[in-house]
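Just remember that the working numbering sits 41 ahead of the position in the sequence shown, which is counted from 1. Note that the Cβ used here is the ideal one computed from N, Cα and C, for glycine as well. What follows is a set of notes on a single structure, which appears directly below.
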Amino acid sequence: MALWLLDSPRLGDNPQVKHLAGRLLKQPARQGVVVAQSRLGQMLCRDCGNARDRRIGHELLRQAARAGDRRAQLEYARLCQHNEPEQARYWLELAAGQGSQEARRLLRQWFSV
């Protein structure tokens with residue numbers, strides 16, 4: 042249900058809906074459900090104003106990226122771009138290897154590959 046809410050064109054941008062979806066994703070993410078880690082991590086990194094939530098989001102994205110989630114690999118690469126460019130490249134290469142056109146584009150743009 043949380044993913045449906047977030048993916049809904051009408052509902053996905055509503056802050057209250059995002060809050061509800063975040064609450065619904067929290068337990069599955071803690072239990073290691075990769076898609077929940079990925080989506081909750083993205084939400085926390087993008088939509089939260091406090092550093093603690095962003096750190097948690099960063100860690101959730103890293104876990105999902107390690108588990109092979111292409112979307113998490115792409116987002117984690119974006120987070121690493123400025124401070125850890127080689128890490129960013131690593132994650133982009135993994136996402137590109139899984140067919141992410143956006144990862145391929147960013148590899149060319151950031152690293153002239």
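Can you tell me whether DSSP reads GLY156 as helix, strand or coil? Residue 156 lies beyond the range of the chain shown here (42 to 154); nothing can be said about it.
Euclidean distance between Cα positions of PRO69 and LEU102: Straight through space, the alpha carbons of LEU102 and PRO69 are spaced by roughly 14 Å.
For ARG146, the nearest candidate out of ARG119, ASN124, HIS123, ARG107 (CA to CA): Sorting ARG119, ASN124, HIS123, ARG107 by C-alpha distance to the C-alpha of ARG146 places ARG119 at the top.
C-alpha gap between GLY138 and ARG51, whole angstroms: Cα to Cα, the separation comes out at about 32 Å.
Please tell me whether MET42 and LYS59 are closer than 8 Å, where the distance is taken between their beta carbons. Contact flag unset, no.
Which residues in the same chain have their Cβ closer than 6 Å to the Cβ of ILE97, if we skip the five residues on either side of it in sequence? The residues are LEU85.
By a C-beta neighbour count over all protein chains shown, 10 Å radius and 16 as the cutoff for buried, is GLY63 buried or exposed? Only buried fits GLY63, as 16 or more other CB atoms lie within 10 angstroms of its CB.
Is it buried or exposed, GLU116, if we count other Cβ atoms within 10 angstroms and call 16 or more buried? By the 10 Å Cβ count, GLU116 comes out buried.
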